[in-house]
Amino acid sequence: MIWAPHVTVAAIVEENGRFLLVEEMVEGRRCFNQPAGHWDPGETLWDAVVRETLEETGHRFQPEYLTGIYHWEHPTRDLTYLRFAFGGRLGPRDHALPLDAGIIGPCWLTPEEITLRQGEMRSGMVSRCIADYRAGRRYPLELLQSV
Numbered sequence: 061m062i063w064a065p066h067v068t069v070a071a072i073v074e075e076n077g078r079f080l081l082v083e084e085m086v087e088g089r090r091c092f093n094q095p096a097g098h099w100d101p102g103e104t105l106w107d108a109v110v111r112e113t114l115e116e117t118g119h120r121f122q123p124e125y126l127t128g129i130y131h132w133e134h135p136t137r138d139l140t141y142l143r144f145a146f147g148g149r150l151g152p153r154d155h156a157l158p159l160d161a162g163i164i165g166p167c168w169l170t171p172e173e174i175t176l177r178q179g180e181m182r183s184g185m186v187s188r189c190i191a192d193y194r195a196g197r198r199y200p201l202e203l204l205q206s207v
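The working numbering numbers the first residue of the sequence shown as 61 and each following residue consecutively.
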């Protein structure tokens, strides 16, 4: 068997003390996640986070910095994830765009609401990314180079 970690991207967006999440159905369970998804061939990581945010929320996303890089092992499946989380700004929502399959829709939650609903988060990465954002972690996009 060849080990192949899943490389994913996520958008961290705060407005008025609330964080943008998406409510989604995953493996028959309703849960919350940042707008996030897999890095596709031919994309830069920042192109991937712009695409995933648009597909899951209908909002255009402008990445401004990297919040962190996260390693997570799925607790019940033999899956490893490497997540690149980007902070940035949203443009207006285009309600005419269809959302990805499984996405119920975007929602805004306070850090307190996220803590109260911890069991409903898709993984521990959701809260960790927000905690790092709130701690002021900001890394320049220039850290990610294509050669």
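We put the CB at the ideal spot given by N, CA and C, even for glycine.
Query raised in the report: For the putative contact between Tyr130 and Arg188, defined by C-beta atoms under 8 Å, what is the C-beta separation to the nearest angstrom?
Result: That pair is a contact at about 6 Å.
Query - Candidates Ile174, Pro200, Phe121, Gly88: closest to Ile163 by CA position - result: Ranked by Cα distance from Ile163, the options Ile174, Pro200, Phe121, Gly88 are led by Gly88.
Report task. Measure the alpha-carbon distance for Leu176 versus Arg198 and round it to whole angstroms. Result -> Rounded to the nearest angstrom, the two C-alpha atoms are 26 Å apart.
Query raised in the report: Where does Ala108 fall in DSSP's three states?
Result: Look at Ala108 here: in three-state DSSP terms it is helix.
**Report entry** Opening and closing residue of the alpha helix (DSSP H) in which Arg90 lies
**Finding:** Bounds of any alpha helix (DSSP H) do not take in Arg90; it lies within the beta strand (DSSP E) bounded by 89 to 93.
Query raised in the report: Nearest to Ile190 by CA position, among Leu204, Pro158, Phe144, Asp138, is which residue?
Result: Out of Leu204, Pro158, Phe144, Asp138, Phe144 has the C-alpha closest to the C-alpha of Ile190.
**Report entry** Opening and closing residue of the beta strand (DSSP E) in which Arg149 lies
**Finding:** From DSSP, the beta strand (DSSP E) with Arg149 extends over 140 to 153.
Query raised in the report: Would you call the CB atoms of Val82 and Glu116 closer than 8 Å?
Result: Yes, they are a contact pair.
Query raised in the report: Is Val207 helix, strand or coil when you go by DSSP?
Result: If DSSP states are grouped into helix, strand and coil, Val207 belongs with coil.
Requested in this report: Decide if Ile174 is buried, meaning its Cβ has at least 16 other Cβ atoms within 10 Å, or exposed.
Outcome: When all chains shown are included, Ile174 counts as buried.
Query - Within 8 Å, strictly: CB atoms of His119 and Leu150 - result: Yes, the pair counts as a contact, with Cβ atoms nearer than the cut-off.
Query raised in the report: Taking just the CA atoms, how far does Asp154 sit from His98?
Result: Approximately 22 Å between the Cα atoms of the pair.
Report task. Kindly list the residues whose CB is nearer than 7 Å to the CB of Arg182, restricted to its own chain and excluding five residues on each side of it in sequence; keep chain order. Result -> Excluding sequence neighbours, Arg182 sits near Val86, Cys91, Phe92, Asn93.
Query - Sequence-distant residues of its chain with Cβ nearer than 8 Å to Gly184 (five each side left out) - result: Leaving aside the five residues that flank Gly184 on each side, the residues in its chain whose CB is nearer than 8 Å to its CB run, in chain order, Trp132.
Query raised in the report: Which whole-angstrom value is the C-beta distance of Leu80 and Pro200, which I expect to be below 8 Å?
Result: Leu80 to Pro200, Cβ: 22 Å. No contact.
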